[in-house]
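Working notes for the structure below.
Number of protein chains: 2
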Amino acid sequence: MTQSPEPVRRGRGRRPAAEVRREILRAAGELLLTEGMAAFTIEKVAALAGASRVTLYKWWPSKGALALDGYFDAVGPTLAFPDTGDIAADLTAQLRAFVHLMRDTRAGRVMPELVGHAQTDPELSALLRERYSAPRRALAVEALERARQRGQLREDVDPEVVVDQLWGACYHRLLIPDQPLTDEFAEALVRNLLAGIGRR
Amino acid sequence: MTQSPEPVRRGRGRRPAAEVRREILRAAGELLLTEGMAAFTIEKVAALAGASRVTLYKWWPSKGALALDGYFDAVGPTLAFPDTGDIAADLTAQLRAFVHLMRDTRAGRVMPELVGHAQTDPELSALLRERYSAPRRALAVEALERARQRGQLREDVDPEVVVDQLWGACYHRLLIPDQPLTDEFAEALVRNLLAGIGRR
DNA sequence: ATGGCTATAAACACAATGTCCATATATTTC
DNA sequence: GAAATATATGGACATTGTGTTTATAGCCAT
């Protein structure tokens, strides 16, 4: 159990909106990261925030939207894609960091659940794309574009496809876990793709 | 609304187990393929099958297990991986068929929802691995192994990783749809990986 | 035919959703 | 400072779904 200082039973009446909103986001993030998406309910978030369910329904259109806001409130944006000029090294480093994040942190272990829930929640699907996947994908695509312009990649390669063959492969092992997600895997992804797996 | 001939109100008392079971599976498959996983509830399956909820709870331990059984009842196994001896052509053909299945059929559109639900249902996760992903992955791995033994692939390549860089990339575009899943994409996947995307 | 197995209806407790209301009060406006 | 506005609140409600218990009814094998 994560020990919130207080469930804080409040009196009736209005409180500053910003404060309530902050409290709700904190509660949503905490519940999501400790209990996971299966146990994430509007009711529990409201109780944990010491707020009324009606208030949540007023501001968030769906459970998914609330969960994602709670996720970012707890985790922060954390976007970075260092560019050293060596695309092979940069991709490997970035993928290893991603593997570490997904395997060894609470935030990482929750993300597959959010993606999973998005499969039946169009609201969350759109938000996840806008605020999570699209910005991250864009960073990788830009790095690959720069590498191509430096002459490190073939001219006819579509960076968008490359992203799917690197990060998409990792998500595959996360979401459909037949095989483990390891550092060696991350390294093999880059090796295979840059050098090619074909003979001659 | 899908118009079943009759909700068929039956009297109390026992009916042949096999018949009930068949009817439940049919109902589960129908509901899953027409309404999707979000609307898939034990209650609706029971009503559609003209069966008692208690009967469902007796035979299926979870909603996910019932959904997967219904899926296979409706779709069938459909496993095939033709091997013409040309690994590039075989992979491309197989991936194009996969893209078509996922994009243009009801069964395909439901699979991401099952994978999504599995993220918060360990029962379904295990069943999906055993009965869906593992057998399919094994077929692809075997084909790649044979190609390597024919000398069409580098000796040091791990077929398991290659599978993630081909099918995993497709699942990525299915589950986190930033970019469209197209035939051209399927072809680019094989091209990139066999020839490599690096310069020189 | 008889006894065991199993499907059935009905009822229950529970949890969660989503929407009402009337009331209380912080903040804004005059 | 007083009035108006916005908004959070508890409590209530109907609805849906879960998962279980109970007593009853009928198929099937022996």
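For the protein sequence lines, the chains are A and B, in the order given.
By the working numbering, the letter at position 84 of the first sequence is numbered 84, and the numbering carries on one by one without gaps.
By the working numbering, the letter at position 68 of the second sequence is numbered 268, and the numbering carries on one by one without gaps.
Positions of the beta carbon are idealized from the N, C-alpha and C atoms, including for glycine.
> In angstroms, rounded to a whole number, what distance separates the CA positions of K188 of chain A and A246 of chain B?
Replying inline: Locating residue 188 of chain A in the first sequence gives position 188, where the first residue counts as 1. Locating residue 246 of chain B in the second sequence gives position 46, where the first residue counts as 1. According to the sequence shown, residue 188 of chain A is Ala rather than Lys. Looking at the backbone, the Cα of A188 of chain A and that of A246 of chain B are separated by about 48 Å.
>> By the 8 Å beta-carbon criterion, what residues does the segment 130 to 164 of chain A contribute toward chain B?
In response: Contact annotation: in the segment 130 to 164 of chain A, residues whose CB is within less than 8 Å of a CB in chain B are S133, A134, R137, G151, Q152, L153, R154, V157, D158, E160, V161, V162, D164.
> When DSSP labels each residue in this structure, what does L144 of chain A get in the three-state scheme?
Replying inline: Locating residue 144 of chain A in the first sequence gives position 144, where the first residue counts as 1. The answer is helix: DSSP assigns L144 of chain A an H, G or I state.
> With distances taken between CB atoms, is the gap from A343 of chain B to W367 of chain B smaller than 8 Å?
Replying inline: If you number the second sequence from 1, residue 343 of chain B lands on position 143. If you number the second sequence from 1, residue 367 of chain B lands on position 167. One thing to note: A343 of chain B has its Cβ no nearer than 8 Å to the Cβ of W367 of chain B.
> Taking Cβ positions only, does G213 of chain B come closer than 8 Å to chain A?
Replying inline: Your numbering for residue 213 of chain B matches position 13 in the second sequence. Legend: pLDDT at G213 of chain B = 47, less than 50; position of this residue unreliable, no value from coordinates given.
> How would you call Y332 of chain B, buried or exposed, if buried means at least 16 neighbouring beta carbons within 10 angstroms?
Replying inline: Translated into the one-based positions of the second sequence, residue 332 of chain B becomes position 132. Buried, by the Cβ-count rule.
> Which residue spans inside the segment 273 to 348 of chain B form an unbroken alpha helix (DSSP H) run of at least 4?
Replying inline: Qualifying alpha helix (DSSP H) stretches, in chain order: 287 to 304, 306 to 318, 322 to 328.
>> Counting beta carbon pairs with one atom in the segment 257 to 272 of chain B and one in the segment 319 to 335 of chain B, are three or more of them shorter than 8 Å?
In response: Proximity of the segment 319 to 335 of chain B to the segment 257 to 272 of chain B meets the contact definition, three or more beta-carbon pairs being nearer than 8 Å.
> How would you write the range of the alpha helix (DSSP H) that R253 of chain B sits in, first residue to last?
Replying inline: Indexing the second sequence from 1 puts residue 253 of chain B at position 53. Looking at the DSSP string, the run of the alpha helix (DSSP H) that includes R253 of chain B is 253 to 259.
> In whole angstroms, what separates the C-alpha of H117 of chain A from that of G351 of chain B?
Replying inline: Stepping through the first sequence from its first residue, residue 117 of chain A is reached at position 117. Stepping through the second sequence from its first residue, residue 351 of chain B is reached at position 151. Answer to the nearest angstrom: the Cα atoms are 43 Å apart.
>> When you compare the segment 288 to 307 of chain B with the segment 358 to 375 of chain B, are there three or more beta-carbon pairs, one atom per stretch, that lie closer than 8 Å?
In response: Flag = yes, the segment 288 to 307 of chain B and the segment 358 to 375 of chain B touch.
> Taking any Cβ of chain B, which residues in the segment 72 to 98 of chain A have a Cβ under 8 Å from it, in chain order?
Replying inline: Those would be A88, in chain order.
>> Let me confirm a value: V357 of chain B is counted as buried when at least 16 other C-beta atoms fall within 10 Å, else exposed. Which label applies?
In response: Taking the first residue of the second sequence as position 1, residue 357 of chain B is located at position 157. Around the C-beta of V357 of chain B, 16 or more other C-beta atoms lie within 10 Å, and the residue is accordingly described as buried.
> A251 of chain B to Q119 of chain A, Cα distance in whole Å?
Replying inline: For this step, residue 251 of chain B is matched to residue 51 along the second sequence. For this step, residue 119 of chain A is matched to residue 119 along the first sequence. Distance between the alpha carbons of A251 of chain B and Q119 of chain A is about 29 Å.
> Under 8 Å, do G396 of chain B and L181 of chain A count as touching if we go by C-beta distance?
Replying inline: Start at 1 with the first residue of the second sequence, and residue 396 of chain B comes out as number 196. Start at 1 with the first residue of the first sequence, and residue 181 of chain A comes out as number 181. With contacts defined as CB atoms closer than 8 Å, G396 of chain B and L181 of chain A fail to qualify as a contacting pair.
>> Is the separation between the beta-carbon of N192 of chain A and that of V390 of chain B shorter than 8 Å?
In response: Start at 1 with the first residue of the first sequence, and residue 192 of chain A comes out as number 192. Start at 1 with the first residue of the second sequence, and residue 390 of chain B comes out as number 190. No, the pair does not count as a contact, with Cβ atoms beyond the cut-off.
> Does the segment 233 to 244 of chain B touch the segment 253 to 260 of chain B, meaning 3 or more C-beta pairs lie closer than 8 Å?
Replying inline: The segment 253 to 260 of chain B and the segment 233 to 244 of chain B touch, with no fewer than 3 CB-CB distances between them shorter than 8 Å.
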